[in-house]
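Student: A single structure is presented below for examination.
Protein chains: 2
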Amino acid sequence: MAEDIPAQYHDLFDEPNFATFATKMPAGTPQQTVVWVDREERESVDRVLVNTERGRQKERNVQRDPLVGVCIIDPEDGYRYVSVRGRVEEVTAEGADDHADMLARQYMDVEEYPSREEEEGDRVVLRVEPLRVTGTESA
Amino acid sequence: MAEDIPAQYHDLFDEPNFATFATKMPAGTPQQTVVWVDREERESVDRVLVNTERGRQKERNVQRDPLVGVCIIDPEDGYRYVSVRGRVEEVTAEGADDHADMLARQYMDVEEYPSREEEEGDRVVLRVEPLRVTGTESA
Numbered sequence: 471m472a473e474d475i476p477a478q479y480h481d482l483f484d485e486p487n488f489a490t491f492a493t494k495m496p497a498g499t500p501q502q503t504v505v506w507v508d509r510e511e512r513e514s515v516d517r518v519l520v521n522t523e524r525g526r527q528k529e530r531n532v533q534r535d536p537l538v539g540v541c542i543i544d545p546e547d548g549y550r551y552v553s554v555r556g557r558v559e560e561v562t563a564e565g566a567d568d569h570a571d572m573l574a575r576q577y578m579d580v581e582e583y584p585s586r587e588e589e590e591g592d593r594v595v596l597r598v599e600p601l602r603v604t605g606t607e608s609a
Numbered sequence: 471m472a473e474d475i476p477a478q479y480h481d482l483f484d485e486p487n488f489a490t491f492a493t494k495m496p497a498g499t500p501q502q503t504v505v506w507v508d509r510e511e512r513e514s515v516d517r518v519l520v521n522t523e524r525g526r527q528k529e530r531n532v533q534r535d536p537l538v539g540v541c542i543i544d545p546e547d548g549y550r551y552v553s554v555r556g557r558v559e560e561v562t563a564e565g566a567d568d569h570a571d572m573l574a575r576q577y578m579d580v581e582e583y584p585s586r587e588e589e590e591g592d593r594v595v596l597r598v599e600p601l602r603v604t605g606t607e608s609a
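Dropping the structure here:
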């Protein structure tokens, strides 16, 4: 059952914060990388969007096993964070270049995602349906 | 095969930085929480130490499945991080209270771990053997 992201944590997704994205290696070991992240508001339930290159380890991992985690620590306060457990419901190249450019504007204040020409694989968006959202507010 | 943590990332463990600790839920979903973290230098290969309360979700998860991830982002530079994939080789209450106090001094500048009396379970140390260490230096 999908679960919404509580409004109290929206700022962590909507500001250009770095997220730790957890997938699983073939042997089952959790693999974490640091990613840009975005929140998509849907009528039913929010989605978390991660943009990556097709063929990278995290993309291969979610193609094999779509269960993932996304965690964001408040850069101003390490005791405040949000942690999403979810499922990648779609891996799509549609709109992924525009989405990478949008993230580059937010995170780097440049017009276009700058590493595009160095990459061999297509840009893809991983759309994560949140299944469980936890977090802590600072004491 | 255990793998050492390259010296270029030691500062991320040795400074009081927050780490994202990834375990697996019973259904296999990666679960991430934010933890204090410590590096233990051994003759053979470094260990990563996490201190938690017995009975918490992360502790129950590693008792069932010891494969974990530990990721630290440089608080000064989100493009620099270290990510460890590893295996919990020991869960021990021995020395765990002293270890919690030591972490409280490092992270909170207080003499004793302040939440001890609110907790029902023993403090335990999760000792992680690194199996694979990756990271990025900022461009």
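Top line first, the protein sequences correspond to chains A and B.
To convert, count from 1 in the first sequence and add 470; that's the numbering used here.
To convert, count from 1 in the second sequence and add 470; that's the numbering used here.
C-beta: ideal position from N, C-alpha, C; glycine also.
#1: Chain B partners of A/V538, CB-CB under 7 angstroms?
#2: Answer yes or no: do A/L537 and B/G498 have a C-beta to C-beta separation smaller than 8 angstroms?
#3: Looking at B/V594: is its Cβ nearer than 8 angstroms to the Cβ of B/V540?
#4: DSSP has A/N487 in a bridge; who is on the other side?
#5: Could you give the DSSP three-state label for A/A570: helix, strand or coil?
#6: With distances taken Cα to Cα, identify the nearest neighbour of A/S585 among A/Y551, A/V598, A/D571 and A/L596.
#7: Would you kindly work out how many angstroms separate the C-alpha atoms of B/R526 and A/D547, rounded to a whole number?
#8: By how many angstroms is the C-alpha of B/R575 removed from the C-alpha of A/R602?
#9: Please state the DSSP three-state secondary structure of B/A477.
#10: Can you confirm whether B/I475, when its beta carbon is compared against all beta carbons of chain A, has any partner nearer than 8 angstroms?
#11: Give the residues from the stretch 554-566 of chain B that approach chain A closer than 7 angstroms (Cβ to any Cβ), ordered along the chain.
#12: List the whole-angstrom C-beta distance separating B/V552 from A/Y551, where the pair is believed to meet the contact cut-off of C-beta under 8 angstroms.
#13: Can you tell me which of B/A563, B/I475 and B/D568 puts its alpha carbon nearest to the alpha carbon of B/E513?
#14: Excluding the 5 residues preceding and the 5 following A/P500 in the sequence, name in chain order all residues of the same chain whose CB lies nearer than 7 angstroms to its CB.
#15: Output the boundary residues of the alpha helix (DSSP H) element that contains B/V532.
#16: With H, G and I counted as helix, E and B as strand and the rest as coil, what does DSSP make of B/Y583?
Tutor: Based on what the coordinates show:
#1: Locating residue 538 of chain A in the first sequence gives position 68, where the first residue counts as 1. Under the 7 angstroms cutoff, chain B gives P500.
#2: The sequence position of residue 537 of chain A within the first sequence is 67, counting from 1. The sequence position of residue 498 of chain B within the second sequence is 28, counting from 1. A contact, by the Cβ cut-off of 8 angstroms.
#3: Walking along the second sequence from the start, residue 594 of chain B turns up at place 124. Walking along the second sequence from the start, residue 540 of chain B turns up at place 70. Result no, Cβ atoms of B/V594 and B/V540 do not sit closer than 8 angstroms.
#4: The residue you call residue 487 of chain A lines up with position 17 of the first sequence. Partner(s): none; A/N487 has no beta bridge.
#5: Taking the first residue of the first sequence as position 1, residue 570 of chain A is located at position 100. If DSSP states are grouped into helix, strand and coil, A/A570 belongs with the helices.
#6: Indexing the first sequence from 1 puts residue 585 of chain A at position 115. Checked all of A/Y551, A/V598, A/D571 and A/L596; the closest Cα to A/S585 is A/D571.
#7: Stepping through the second sequence from its first residue, residue 526 of chain B is reached at position 56. Stepping through the first sequence from its first residue, residue 547 of chain A is reached at position 77. Answer to the nearest angstrom: the Cα atoms are 23 angstroms apart.
#8: Indexing the first sequence from 1 puts residue 602 of chain A at position 132. Indexing the second sequence from 1 puts residue 575 of chain B at position 105. About 33 angstroms.
#9: The count along the second sequence starts at 1 and reaches residue 477 of chain B at position 7. B/A477: helix per DSSP, three-state reduction.
#10: Indexing the second sequence from 1 puts residue 475 of chain B at position 5. Not an interface residue.
#11: R555
#12: Translated into positions along the second sequence, residue 552 of chain B becomes position 82. Translated into positions along the first sequence, residue 551 of chain A becomes position 81. Not really, about 18 angstroms apart at Cβ, beyond 8 angstroms.
#13: Stepping through the second sequence from its first residue, residue 513 of chain B is reached at position 43. For B/E513, the nearest C-alpha among the options comes from B/I475.
#14: Taking the first residue of the first sequence as 1, we reach residue 500 of chain A at position 30. Counting only Cβ-Cβ distances below 7 angstroms, and skipping sequence neighbours, we find A492 and K494.
#15: Indexing the second sequence from 1 puts residue 532 of chain B at position 62. Run containing B/V532: Q527 to R534, per the alpha helix (DSSP H) assignment.
#16: Residue 583 of chain B sits at position 113 when you count from the first residue of the second sequence. Correct three-state label for B/Y583: coil.
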